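Undergrad: This note's numbering applies: residue 9 is where the sequence shown begins, and numbers increase by one.
Think of the CB as a built atom: it goes at the ideal place given N, C-alpha and C, for glycine as much as any other residue.
Since we're looking at a predicted model, the values are computed, not measured.
Could you have a look at this structure, given as structure tokens, before my questions?
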Amino acid sequence: MEQYTHEDIPDYQMAAWLMAVCWRGMDDRETSDLTLAMARSGEQLHVCERLMPVVDKHSTGGVGDKVTLAVAPLVAACGVAVAKMTGRGLGHTGGTVDKLESISGLRTALTREEFLSILQEHGLVLAGQSAELAPADGKMYALRDVTATVESIPLIAASIMSKKLAVGASHLLLDVKVGAGAFMKTREAAHELARIMVEIGQRAGLYTEAAVTAMEQPLGRAVGNALEVAEAVAILRGEGPADVSQLCRHEAAELLVMTGAAPSHEEAERRVQEAIKSGRALAKLAEVCEAQGGDPQQIEQPERLPRAPVISMLTAPRSGYIAAIHAERVGLAAMRLGAGRFRKGDPIDHRTGLLLQAKVGDYLQAGDPLVEIHARSEEECAVLRQELLACYRWSENPVQSGPLIYEILTPSQKGAS
């Protein structure tokens, strides 16, 4: 890895090796060795040498996934430090950095010294991915993107875990999304990715758990950067949509139990609820936003967040139960409004997006509100209407939404339901 990072190994040789990995795979030991070499290819933060415990949480990405924005301050408000380096969105899955940058003035590009200082002072830092952290991964990912070698579970696992190991937290919770709106489309593939990452963490001395969670329909109701920040604020006030609120509380509690900060999941859930009810969790998010140059009033009063000039309601075309909402298509529709990127480096419009007025299992009459479109123009709204309607499947009979969490994998079990 050191030779490739320093360009002593040419891209054509690395491309051939990546193709061989895609065809032949790697065993667990080989994947772990690759991950460690990538982690050591650049700067390492060793945050657990400053604070102990200190946790990290990572999601493989989905539509409407604002979980990190709520879980991180929830855990920090319960007394466990959170060191979070996160990325930008590409394609239909949004990025936490883009959501954070909806907040006026907030800086996510922090120096090593700033990152560690904010973490020590506030017990929480939310930063963008450093180019100096696991630089081998950045070079390899760019090459994988142009050589059709992205879809390899060992390479995906090594890419994610190399950056986590370089941050150097003591505990890591992974949220591996599966379904129409996720990169992993099947339960089997999601389980294997989760299993390998837990194994890598165990070999490297990083206590790692993984939750395999559903991404068939968008998570929560908001899809789009400023809209998702506002929904994260609602979650921290105890007023968020049921599905995403449940997931946030569960993952926050899991991190408290993992670190020993709570003796049981029941006690952890109680502490999480108390952090919400007391207002400490919301105050912690406002505090760290201010520490990173952002306007804390936009957290305390989310109506101050950027707002699209045109807001238009799409209504239900028929009466019936919502049987399915195709998450990936909803994400693509939000992208066309400017809320996401088709290519790396594309600008995004933090104001735009979608607010779902109903979810799977809800019954609507024809003409009831279905999706609130936040757009830059009336023309964009008009163009998107049929595309959005095609995201929905209807039923005459009652429909139950599926489970939110399929399984939790731990180092000792690697597959407990």
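#1: In angstroms, rounded to a whole number, what distance separates the CA positions of Pro143 and Gly209?
#2: Could you work out which residue in Glu277, Ala219, Val90 and Arg58 is closest to Pro419 when comparing CA atoms only?
#3: Please return the same chain residues whose Cβ sits closer than 8 Å to the Cβ of Leu180, not counting the five positions on each side in sequence.
#4: Counting along the chain, where does the beta strand (DSSP E) carrying Gly103 start and finish?
#5: Return the residue from the list Ala202, Gly268, Arg195 and Ala291 that minimises the CA-CA distance to Val241.
#6: In or out: Thr157 buried (at least 16 other Cβ within 10 Å) or exposed?
#7: Using the Cα positions of Leu392 and Ile381, report the straight-line distance between them to the nearest angstrom.
#8: By how many angstroms is the C-alpha of Glu415 removed from the C-alpha of Ser125?
#9: Going by DSSP, what residue range makes up the alpha helix (DSSP H) through Ile161?
#10: I want to know whether the stretch 316-329 touches the stretch 99-109 - three or more CB-CB distances under 8 Å.
#11: Could you check which residue in Met34, Gly113, Ala91 and Gly103 has the C-alpha nearest to that of Val231?
#12: By Cβ distance, which residues of its chain are closer than 6 Å to Asp36, with the 5 residues on each side in sequence left out?
#13: Taking only three categories from DSSP, how would you classify Ala426?
#14: Between Ala374, Val368, Arg288 and Arg337, which lies nearest to Thr323 when the distance is taken from Cα to Cα?
#15: From Asp370, Ile161, Leu264 and His358, pick the residue whose C-alpha is nearest to that of Thr68; which is it?
#16: Looking at C-beta atoms only, is the number of pairs between the stretch 395-411 and the stretch 319-338 that lie closer than 8 Å three or more?
#17: Whose C-beta lies closer than 7 Å to the C-beta of Gly33 among residues of the same chain, with five residues either side of it excluded?
TA: Taking the definition as stated:
#1: 19 Å
#2: Ala219
#3: Val63, Asp64, Lys65, His66, Lys172, Gly209, Leu214, Tyr215, Thr216 and Glu217
#4: No beta strand (DSSP E) contains Gly103, which DSSP labels as neither H nor E.
#5: Ala291
#6: buried
#7: 9 Å
#8: 36 Å
#9: Ile161 to Val175
#10: no
#11: Gly103
#12: Glu207
#13: Past the boundaries of the shown model lies residue 426; the chain is included only from 9 to 425, so the question cannot be answered.
#14: Ala374
#15: Ile161
#16: yes
#17: Pro162
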